[in-house]
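Reading through the structure tokens given below for one structure.
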Amino acid sequence: MSQKSVVLDAPTPEPRQVTVEALQAHILEKLTYSIGKDPIVARPHDWLAATIFAVRDRIMDRWMESSRETWRTSNKRVYYLSLEFLIGRLMRDAMSNAGLMEPVQQALTNLGVDLGDLIDLEPDAALGNGGLGRLAACFMESMASLKIPAYGYGIRYAHGLFRQEMSEGWQVELPEEWLAHGNPWEFERRESAYEIGFGGHVEGVTDPDGELRQEWHPNEHLLAVAFDTPIVGWRAARVNTLRLWSAQPIDPILLDKFNSGDHIGALEESARAEAITRVLYPADSTPAGQELRLRQEYFFSSASLQDIVRRHLQQYGDLGSLPDKVAIQLNDTHPAISIAEMMRILIDIHGVEWDEAWTLTRGVFGYTNHTLLPEALESWPVALLERLLPRHMQIVYAINAEILTEARKRAKFTDEQIARVSLIDEQNGRRVRMGQLAFVGSHKINGVSALHTELMKQTVFSDLHKLYPDRINNKTNGITPRRWLMQCNPGLTSLLSETIGDAFLDDIRKLEELGAYADDPSFQKRFAAVKLENKTRLAELIRERLGVRVSPEAMFDVQIKRIHEYKRQLLNIIQAVAAYDEIRAHPERDFVPRVKIFAGKAAPSYWNAKLVIKLINDVARVINNDPAVRGLLKVVFLPNYNVSLAEVIVPAADLSEQISTAGMEASGTGNMKFMANGALTIGTMDGANVEMHEEVGDDNIVIFGLTTDEVAAKRAKSEVPRSAIDASPDLQEALNAIASGVFSPDDPNRYRDLVSGLYDTDWFMVARDFDAYVAAQKRVDALWLDQSRWNRMAICNTAHVGFFSSDRTIRQYAEDIWGVQVPTA
Ligand code: 26W
24 MSQKSVVLDA
34 PTPEPRQVTV
44 EALQAHILEK
54 LTYSIGKDPI
64 VARPHDWLAA
74 TIFAVRDRIM
84 DRWMESSRET
94 WRTSNKRVYY
104 LSLEFLIGRL
114 MRDAMSNAGL
124 MEPVQQALTN
134 LGVDLGDLID
144 LEPDAALGNG
154 GLGRLAACFM
164 ESMASLKIPA
174 YGYGIRYAHG
184 LFRQEMSEGW
194 QVELPEEWLA
204 HGNPWEFERR
214 ESAYEIGFGG
224 HVEGVTDPDG
234 ELRQEWHPNE
244 HLLAVAFDTP
254 IVGWRAARVN
264 TLRLWSAQPI
274 DPILLDKFNS
284 GDHIGALEES
294 ARAEAITRVL
304 YPADSTPAGQ
314 ELRLRQEYFF
324 SSASLQDIVR
334 RHLQQYGDLG
344 SLPDKVAIQL
354 NDTHPAISIA
364 EMMRILIDIH
374 GVEWDEAWTL
384 TRGVFGYTNH
394 TLLPEALESW
404 PVALLERLLP
414 RHMQIVYAIN
424 AEILTEARKR
434 AKFTDEQIAR
444 VSLIDEQNGR
454 RVRMGQLAFV
464 GSHKINGVSA
474 LHTELMKQTV
484 FSDLHKLYPD
494 RINNKTNGIT
504 PRRWLMQCNP
514 GLTSLLSETI
524 GDAFLDDIRK
534 LEELGAYADD
544 PSFQKRFAAV
554 KLENKTRLAE
564 LIRERLGVRV
574 SPEAMFDVQI
584 KRIHEYKRQL
594 LNIIQAVAAY
604 DEIRAHPERD
614 FVPRVKIFAG
624 KAAPSYWNAK
634 LVIKLINDVA
644 RVINNDPAVR
654 GLLKVVFLPN
664 YNVSLAEVIV
674 PAADLSEQIS
684 TAGMEASGTG
694 NMKFMANGAL
704 TIGTMDGANV
714 EMHEEVGDDN
724 IVIFGLTTDE
734 VAAKRAKSEV
744 PRSAIDASPD
754 LQEALNAIAS
764 GVFSPDDPNR
774 YRDLVSGLYD
784 TDWFMVARDF
794 DAYVAAQKRV
804 DALWLDQSRW
814 NRMAICNTAH
824 VGFFSSDRTI
834 RQYAEDIWGV
844 QVPTA
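And the structure:
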């Protein structure tokens with residue numbers, strides 16, 4: 024019997040029943056026989072694990088059937104390589120997508136356990152920094168929902184993104200312990216382990232037939248062990264696999280060293296191996312530039328490619344069909360070393376000729392760029408690559424020779440152009456540019472919003488675009504409406520179902536039918552009532568966590584995302600200071616009551632970002648405690664922003680702040696989550712805000728500020744913001760207050776440099792966009808005063824969110840990049 028028929032003909036057990044009775048009995052059984060706990064003494068974590076085990080069993084049949092189907096149909100597989108998957112909690116997602124919410128809830132109630140309590144107990148899997156990692160998680164869910172045979176490949180970090188605590192308003196970072204109670208979702212696959220090498224030397228050997236081959240002899244070896252997590256699609260359409268690699272030593276202990284008394288040395292190899300998957304790098308824009316990071320990148324690229332090639336050969340037996348049966352998407356340049364690794368596997372291991380290997384490699388890879396910030400573009404010193412991955416460095420040189428020859432001959436590039444497309448950057452002490460490597464090794468390269476893709480063509484990749492004009496394409500980001508509307512906002516979801524029926528659950532574009540109700544006063548009232556309920560829940564959370572009371576009747580004005588200068592939390596908090604001045608200056612005037620809500624983490628080494636967190640907390644303390652404010656303005660900073668916190672904040676927002684300096688936010692995806700939940704956006708013409716403006720129309724969004732071209736022009740002229748500041752007494756007053764220590768009496772100079780930076784270069788245009796921002800906020804106030812108008816706008820936002828579903832994004836990847844047929848619903 025061949026391997027194939029074994030897989031397809033194997034018997035299957037009876038599927039588990041999904042009745043309340045069956046679930047109840049099964050949860051109890053898991054608690055007793057898998058966890059080993061008597062229900063009388065079981066702790067909440069035991070119930071959580073037992074429930075997840077029972078839910079997991081009901082997903083298993085679909086999981087196995089999905090994989091059998093791919094074998095049976097010989098459909099193309101998609102592999103999403105990402106150093107980050109910011110999945111958050113899985114239980115509600117899995118239950119909701121598998122239609123198990125109600126029976127599980129009832130079963131637990133019968134057992135005297137509250138499902139909501141268990142949901143809150145599940146740790147938030149924070150294996151990512153921000154947008155790029157969360158996008159990967161949304162994509163995994165959409166690929167399963169669209170029945171695409173897909174695998175996510177990443178790293179099983181023992182510690183995800185750090186836990187953020189506040190110490191007197193300063194961020195402090197603490198280790199995150201998501202695996203402390205074990206992880207009932209994952210399956211360790213010890214049989215799927217691959218050897219990964221580092222260092223050593225390359226030896227040229229001549230085969231008996233006279234061929235010269237290169238043999239890499241690494242001097243360091245370790246194992247990559249697979250851990251699989253099921254990803255359930257909507258209505259359990261399909262269950263895909265997220266395969267995360269964990270590094271382990273080949274020999275857990277060096278017994279000879281131990282026996283000779285060197286007890287620490289005996290464990291050295293083990294510690295060295297495990298260090299690779301110990302922790303996620305917490306910088307979301309500046310490359311760490313450290314050897315361990317490069318080791319992480321190669322480790323997971325190599326393990327994933329070995330696994331992909333093994334699976335392909337097992338099913339198809341030859342490598343020529345690779346591009347027909349395999350699509351590999353590189354999530355930014357973090358896995359870009361995969362291009363060289365694929366070449367190495369094909370040529371050195373499988374004896375494929377160079378030209379053929381290069382055609383196959385380009386045939387399978389696609390590369391997504393997520394940022395154009397120059398400091399974020401990865402490059403590695405040639406010397407480091409040479410030492411750690413000598414064979415890959417050879418391959419990079421060979422690829423480079425080919426590309427540069429083509430550029431010279433076919434495209435007649437000048438020396439300057441050649442220098443710009445070269446994989447080797449000669450300006451900064453010889454470095455390998457990973458963006459260039461990912462570009463030349465891929466058949467398609469995409470940006471994540473229309474504007475960003477245009478800028479890719481004009482800036483970082485302009486010369487490569489000239490050389491390969493049909494490669495760059497746009498794939499505007501999206502979010503999964505299951506997690507970001509249906510699960511996080513059940514109140515709104517019920518209201519929508521009652522109003523336009525259930526069809527939108529399966530086809531999010533159907534939300535457009537809400538347009539007919541946008542002016543309906545009774546629908547508006549119900550829409551607003553749902554929002555108020557969500558705001559009440561958030562107000563309660565704010566009171567619990569910060570001891571600050573906020574009124575759910577006030578406008579909830581929200582900016583939650585990583586703290587970064589280009590995202591301009593500083594602009595927002597300066598506006599709060601200006602509003603504070605205005606409220607005190609005009610005790611006779613009515614103001615719209617607002618709560619400004621911030622949350623987000625700063626990279627531990629990013630001083631200005633950490634200082635902005637401290638500023639927000641300093642301003643909050645002063646404003647929240649000043650009776651002259653009459654409760655009209657509150658500022659709160661919620662610590663430890665993560666997916667789970669976002670799931671509470673987003674449904675409660677009235678106003679969504681998307682105020683990055685134009686040209687700098689590649690897309691943004693938070694903007695889409697707020698839109699789905701009926702918040703209005705105040706934003707710049709940046710990233711996907713541009714498409715959002717197009718989708719909802721000018722009447723339903725508040726746009727302000729300099730455009731990308733205007734920003735570029737001011738930067739090119741090295742224009743200083745002096746005149747903008749001189750022309751704005753409100754800005755001057757706010758800046759003076761901040762710089763002179765009004766909010767930091769304990770250290771009056773704390774913000775002096777931060778503020779003087781706005782007078783000097785103001786790279787991010789905070790000063791020059793300030794008046795436009797204040798004016799836009801005034802427009803927001805005016806809209807709020809007309810509640811019927813506001814509600815109408817909010818409803819229109821939900822109605823038009825369909826375009827921003829990651830289902831749409833994934834269909835476009837499937838069609839334009841992966842060459843995968845998406846079955847229609
Ligand atoms: C090498 C260090 C490093 C780490 C992470 C550099 C760059 C990154 C990411 C590219 C940062 C990131 O998350 N980018 C965000 O990607 C989202 C998904 O496409 C976009 O919506 C955001 O606009 C973009 O900032």
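In case it helps, the numbering used here puts the sequence shown at residues 24 to 848. All C-beta atoms, glycine included, are put in the ideal place defined by N, C-alpha and C.
Distances from the CA of Gln194 to each of Asn631, Leu729, Glu838 and Met578 were compared; the closest alpha carbon is that of Asn631. Proximity of the region 691 to 708 to the region 822 to 838 meets the contact definition, three or more beta-carbon pairs being nearer than 8 Å.
Not one heavy atom of the ligand 26W falls within 7 Å of the beta-carbon of Asn451.
Relative to the non-hydrogen atoms of the ligand 26W, the Cβ of Asp355 comes within a distance shorter than 7 Å of at least one. Asp341: not part of any beta strand (DSSP E); DSSP gives it neither H nor E. A direct Cα-to-Cα measurement between Asn665 and Thr684 gives close to 24 Å. Only buried fits Asn595, as 16 or more other CB atoms lie within 10 angstroms of its CB. Here Val719 is near Asn820, since their CB atoms are less than 8 Å apart. Around the beta-carbon of Ile287, fewer than 16 other beta-carbon atoms lie within 10 Å, marking it exposed.
Leu155 has its Cβ nearer than 7 Å to a heavy atom of the ligand 26W. For the beta strand (DSSP E) assignment, the uninterrupted runs of no fewer than 3 residues enclosed by the region 83 to 119 are, from N- to C-terminal side, 100 to 104 and 108 to 111. Proximity of the region 337 to 346 to the region 440 to 447 falls short of the contact definition, fewer than three beta-carbon pairs being nearer than 8 Å.
The C-alpha of Ala736 lies about 37 Å from the C-alpha of Leu661. With fewer than 16 other beta carbons inside 10 angstroms of its own, Val228 counts as exposed.
Ile351 has Tyr102 and Phe388 as its beta-bridge partners, per DSSP. Excluding its 5 nearest sequence neighbours in each direction, Asn512 has C-beta neighbours in its own chain below 6 Å: Pro674 and Asn700, listed in chain order. For Asp580, the enclosing beta strand (DSSP E) begins and ends at Met578 to Ile583.
Of the other Cβ atoms in all chains shown, 16 or more fall within 10 Å of the Cβ of Thr503; this residue is therefore buried. Its Cα nearest to that of Leu396, the residue Ser308 stands out among Gly386, Ser308, Ser327 and Tyr420.
Under the Cβ criterion (8 Å, minimum of three pairs), the region 178 to 196 does not count as touching the region 271 to 282.
Secondary structure of Val571 (DSSP, three-state): coil. With a beta-carbon spacing of about 22 Å, Ile441 and Met366 fall beyond the 8 Å limit used to define contacts. Shortest gap from the CB of Leu460 to any heavy atom of the ligand 26W: 7 Å or more. Between the C-alpha atoms of Phe76 and Gln681 there is a straight-line separation of about 40 Å. The continuous alpha helix (DSSP H) containing Ala632 extends over residues Trp630 to Asn647. A distance of 8 Å or more separates the beta carbons of Glu425 and Met416. Inter-residue distance for Asn723 and Thr707 is about 14 Å (C-alpha atoms, whole angstroms). In this structure, DSSP gives Ser690 a state outside helix and strand, which the three-state scheme calls coil. When DSSP states are grouped into helix, strand and coil, Asp792 belongs to the helix group.
His466 places its beta carbon less than 8 Å from that of Arg385.
Of the heavy atoms belonging to the ligand 26W, at least one sits nearer than 7 Å to the Cβ of Gly710. Around the C-beta of Ile360, 16 or more other C-beta atoms lie within 10 Å, and the residue is accordingly described as buried. Of all alpha-carbon atoms in Val302, Thr832, Leu169 and Leu490, the one lying nearest the alpha-carbon of Pro198 is that of Val302.
Taking 4 residues as the shortest admissible run, the region 368 to 447 contains the following complete alpha helix (DSSP H) segments, listed from N- to C-terminal end: 377 to 387, 405 to 411, 413 to 432 and 438 to 444. For Gln681, the enclosing beta strand (DSSP E) has its first and last residue at Leu678 to Gln681.
Of Phe621, Phe250, Ile748 and Gly220, the smallest CA-CA separation from Glu238 is found for Gly220.
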